[in-house]
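Each residue of the sequence shown is one higher than the one before, counting from 1330 in this note's numbering.
No residue lacks a Cβ here, since even glycine has one placed at the ideal position from N, Cα and C.
Worksheet for the structure shown next.
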Amino acid sequence: MRRPRAQVQEVLVVRRQALELGTGPEGRRSLGAALTLLRSARAGRRARRYAVVVLAAGLVLVPALARSQPRPVPGECSPAGPVQRCLFRSAVPSVGLVSVCEETRCRVGFYYGSVDAPEWLPRPEGWTTFPPPEVTWHSSTFAEVRFACGPSCSVSYFFDGRRRRLSPPRRDVRALDQRRMLVASPEGRALVVRQVYSGREVARIERDFAPGLAAAAAVREARFHPDGRLSFVWLRGAARDPVAERVSVPSMPR
């Protein structure tokens, strides 16, 4: 029989894993494992009491992290018709984003002053039109405009309404560090961190991903932390075991 201290340590381990994995399925499974340990008939009274406090902190923190993640916003759209225009306003007066769509064929741009004279986003190479956009305001004046291009494919533009700056298209963005203007995206068999506007590489993370999987499929979740570190979950080896890591990422190319 394990002593209470060992049981408490086990609860602490699975809670830490859950917090590192975040709010996705793997994180929820880890918290579920902690709850199972808590309910164990073998756990002593002291271990149970201490584990309740530990888990309470974890169960409060994980939903808080989920709430802190910005969500796509609906546009202010004209009535449905052959052509529909939608506005996505920033907190700066007369600055924002606009889409003009005919069914699923769209033009998307940003405006300063008049919404009738936007500057249209350049299309990625090979694209003849845009699908309807998904706009997320990461702050009151900084937006991500994301376009779906397949089941696990997307292209993002980043728009700074205060500085009037637009990034080139960035493919399959998994995480954004807005403070340092970095994005993490899978490229081939690596998770690569680049500067948002210049595209210069600052970090390349390679792991023993599951055979046959590129990083786009092997990396399940990723997010930057306020301290600049990057957490991500990836599938390891033939068994595809989920592995959670948190690594330091520089601000500038080395």
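Sequence-distant partners of LEU1511 (beyond 5 residues in either direction) whose C-beta falls short of 8 angstroms from its own C-beta, in its chain, are LEU1505, VAL1522, ARG1523, GLN1524, VAL1525, VAL1531, PHE1553, VAL1578, SER1580.
In the three-state DSSP reduction, ALA1544 falls in the helix class (H, G or I).
Taking a cut-off of 8 angstroms for Cβ pairs, the stretch 1459-1476 and the stretch 1423-1430 touch, as three or more such pairs fall below it. In the three-state reduction of the DSSP assignment, THR1465 falls in the strand class. Going by beta carbons, TYR1486 and ARG1500 fall outside the 9 angstroms limit. Here ASP1570 has LEU1564 as same chain residues with Cβ atoms under 8 angstroms from its own Cβ, once five neighbours each way along the sequence are excluded.
When rounded, the separation of the alpha-carbon atoms in THR1458 and PRO1497 is 16 angstroms.
Only residues of its own chain outside the window of five on either side were considered, and among them PRO1399, PRO1401, GLU1473 have a CB closer than 6 angstroms to the CB of THR1465, listed in chain order. CA-CA distance, VAL1484 to VAL1502, rounds to 7 angstroms. Within the same chain, and ignoring the five residues on either side of ALA1544 in sequence, the residues whose Cβ sits closer than 7 angstroms to its Cβ are PRO1515, GLU1516, GLY1517, ARG1518, ALA1519, LEU1520, PHE1538.
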